[in-house]
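**Student:** Pasting a structure here, questions to come.
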Amino acid sequence: MRQRFQLPEGVIYLDGNSLGAMPRAVPARMHRAIEQEWATGLIRSWNDADWYPAPQRVGARIARLVGAEDNEVIVADSTSVNLFKLLVAALRMRPGRSLMLGERGNFPTDAYVAQGVAEITGTQFRAVEPDEVLAALNEDVAVLALTHVNYKSGQAYDMAAVTRRAHEVGALVIWDLAHTAGAMPCALNDCEVDFAVGCGYKYLNGGPGAPSFAFVARRHQEGLRQPLTGWHGHARPFAFTHGYEPAPGIDRMLVGTAPQLGLIALEAALTAFDGVDLQALRAKSVALTGLFIALVDQELGAHGFGLATPRDPALRGSQVSLTHPEGYAIVQALIARGVIGDFRAPDILRFGFAALYLGHCDVWNAVAALKSVMAEGDWRKPEFMARKAVT
Ligand SMILES: Cc1ncc(COP(=O)(O)O)c(C=O)c1O
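Read in UniProt numbering, the sequence shown has 377 at position 377, and its numbers run on one by one without any break.
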């Protein structure tokens, strides 16, 4: 599977949880999209190159990775925007309830969007600690919105159990699958999940700023009223009528013109999952993260690292996070040695293990590099201390 990716020589890439590596299928497909479909086909390509149905087509590919059916997933907009649409839609499905429940320590956009929705809709957003979520569920909660695998700690919720408990109190559930889709199997329909969103540019490898995806369970589609009523979500966009009428099914999640080049790159990237057994992918991911934790224990005990990720593989996604007060500079020094991870304030060193393109040797070599960064103290150099805009 590693052959399906173009990775630079001498680099161990442990940041596929932030920006996935580039699948080899992408450049040729993009070249054709630009030179033939855009430059030559021009506007005809919306029909002739099948640009128009790309959001649904690419959504169907992602559906297979997250335990959904075709026509339950569509690609559109960013994760933040899809979250906005689904939070408002969920509130509208639970009139009389005024609470959106979330978690502290979630990725900031999830909280910021919920705060914005609360302001517009006159509802409330309450964030509790992850271990308080189940106890905080009650009949005031219209919608519970959680991220399945936490971006900092890599800790994963039990999707089935949390969804079941939310449904017992009559709440709807939105899962953010940013750090799940493409990293591990996920069974949205088996867990009876209502809604989900997720990123195209992390483990799905769709490229920087790739469009995101939204899942709406089929049983909710006909009643769904999302607030961004743009022309591509209309029942007949090219009838150019005055009044809004939602398209049937998942298509009503669309807003405006799809970012075709981003969609085409994502579609090509997803061929890297062709024939991949997601259970085998998970087994490899657990082996890689487990080896990393074991080697950090064995090799780095003297250097003051903490482990922010659960040791129990059932409780973690496909990343391992360490803590260290000098985390930023250590990550920069490590990158200078060709081992790319990232840093999340205040003290998290994040390492993502995309099992499609990483092997056990990469884990050994990454820990060896981290050990020598610490032993030689090169993280103390001023160039590694100076913060860049993107960490
Ligand atoms: C949990 C989670 N949700 C959402 C996002 C990003 O959302 P957007 O694609 O809108 O930038 C991230 C990005 O890292 C994330 O970790």
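Glycine included, each C-beta is placed from N, C-alpha and C at the ideal position. Predicted model only: the values in this text are computed from it and were never measured.
Anyone know if the C-beta pair for residue 363 and residue 281 falls short of 8 Å?
**Tutor:** Working through the sequence shown from its first residue, we reach residue 363 at position 363. Working through the sequence shown from its first residue, we reach residue 281 at position 281. Not a contact, by the Cβ cut-off of 8 Å.
**Student:** Figure out for me which residue from 265, 381, 389 has the closest Cα to the Cα of residue 26.
**Tutor:** The residue labelled residue 26 in the question sits at position 26 within the sequence shown. Nearest option by C-alpha distance: 265.
**Student:** If you compare alpha carbons, which of 225, 308, 168 is closest to residue 139?
**Tutor:** Indexing the sequence shown from 1 puts residue 139 at position 139. Comparing Cα-Cα distances from residue 139 to each of 225, 308, 168, the minimum goes to 168.
**Student:** Do residue 193 and residue 214 come within 8 Å of each other at the CB atom, strictly closer than that value?
**Tutor:** Indexing the sequence shown from 1 puts residue 214 at position 214. Indexing the sequence shown from 1 puts residue 193 at position 193. Not in contact: residue 214 and residue 193 (Cβ atoms no closer than 8 Å).
**Student:** Rounded to the nearest angstrom, how far is the Cβ of residue 317 from that of residue 183, given a contact under 8 Å?
**Tutor:** In the sequence shown, the residue the question calls residue 317 occupies position 317. In the sequence shown, the residue the question calls residue 183 occupies position 183. With a Cβ gap of about 6 Å, residue 317 and residue 183 count as contacting.
**Student:** Going by C-alpha to C-alpha distance, which of 148, 270, 304 sits closest to residue 207?
**Tutor:** As a position in the sequence shown, residue 207 is number 207, starting the count at 1. Taking only the C-alpha atoms, the option nearest residue 207 is 270.
**Student:** Hey, is residue 309 close to ligand 1, as in C-beta under 7 Å from one of its heavy atoms?
**Tutor:** Translated into positions along the sequence shown, residue 309 becomes position 309. No - ligand 1 has no heavy atom lying nearer than 7 Å to the Cβ of residue 309.
**Student:** Are three or more beta carbon pairs between the region 245-256 and the region 13-21 nearer than 8 Å?
**Tutor:** No: the two stretches stay apart, fewer than three of their Cβ pairs being nearer than 8 Å.
**Student:** Check whether the Cβ atoms of residue 18 and residue 342 lie closer than 8 Å to each other.
**Tutor:** The count along the sequence shown starts at 1 and reaches residue 18 at position 18. The count along the sequence shown starts at 1 and reaches residue 342 at position 342. Yes, the Cβ-Cβ distance between residue 18 and residue 342 is below 8 Å.
**Student:** For the alpha helix (DSSP H) that residue 311 lies in, which residues bound it at each end?
**Tutor:** For the purposes of this step, residue 311 is taken as residue 311 along the sequence shown, with counting starting at 1. Residue 311 -> no alpha helix (DSSP H), and no H or E assigned at all.
**Student:** Helix, strand or coil for residue 22 per DSSP?
**Tutor:** Here residue 22 refers to the residue found at position 22 when the sequence shown is read from its first residue. Correct three-state label for residue 22: strand.
**Student:** Using 7 Å as the cut-off, classify the Cβ of residue 389 as near or not near the heavy atoms of ligand 1, replying yes or no.
**Tutor:** Within the sequence shown, numbered from 1, the residue matching residue 389 stands at position 389. No; taking the cut-off as 7 Å, the Cβ of residue 389 has no heavy atom of ligand 1 nearer than that.
**Student:** Using 10 angstroms around the beta-carbon of residue 73, count the other beta-carbons present and answer buried if the total reaches 16, otherwise exposed.
**Tutor:** Along the sequence shown, read from residue 1 onward, the residue named residue 73 stands at position 73. Its Cβ being crowded by 16 or more others within 10 Å, residue 73 is buried.
**Student:** Kindly identify the DSSP beta-bridge partner or partners of residue 216.
**Tutor:** Taking the sequence shown and counting its residues from 1, the one referred to as residue 216 is at position 216. Residue 216 pairs with 195.
**Student:** When the Cα atoms are used, what is the spatial distance from residue 118 to residue 158?
**Tutor:** Residue 118 sits at position 118 when you count from the first residue of the sequence shown. Residue 158 sits at position 158 when you count from the first residue of the sequence shown. So the alpha carbons of these two residues sit roughly 27 Å apart.
**Student:** So, for residue 391: in the same chain, excluding its five sequence neighbours on each side, which residues have a beta-carbon less than 6 Å away from its beta-carbon?
**Tutor:** Position 391 of the sequence shown holds residue 391. Excluding sequence neighbours, residue 391 sits near 343.
**Student:** Is residue 318 close to ligand 1? I mean its beta-carbon at under 7 Å from any heavy atom of the ligand.
**Tutor:** Here residue 318 refers to the residue found at position 318 of the sequence shown. No, since every heavy atom of ligand 1 falls outside the 7 Å radius drawn around the Cβ of residue 318.
**Student:** Can you find the residues in the same chain that come closer than 8 Å, C-beta to C-beta, to residue 219, ignoring five residues on each side of it along the sequence?
**Tutor:** Numbered from 1 along the sequence shown, position 219 holds the residue referred to as residue 219. Excluding sequence neighbours, residue 219 sits near nothing in its chain.
**Student:** Apart from the five residues on each side of it in sequence, which residues of its chain come closer than 6 Å, Cβ to Cβ, to residue 78?
**Tutor:** Counted from its first residue, the sequence shown places residue 78 at position 78. So the list reads 212, once near-sequence residues are dropped.
**Student:** Would you say the beta carbon of residue 153 is closer than 7 Å to some non-hydrogen atom of ligand 1?
**Tutor:** Counting from 1 along the sequence shown, the entry for residue 153 is found at position 153. No.
**Student:** What would DSSP say about residue 51, mapped onto helix, strand or coil?
**Tutor:** Residue 51 sits at position 51 when you count from the first residue of the sequence shown. In the structure shown, residue 51 sits in coil (DSSP, three-state: anything other than H, G, I, E or B).
**Student:** Secondary structure at residue 172, three-state DSSP: helix, strand or coil?
**Tutor:** Taking the first residue of the sequence shown as position 1, residue 172 is located at position 172. If DSSP states are grouped into helix, strand and coil, residue 172 belongs with the strands.
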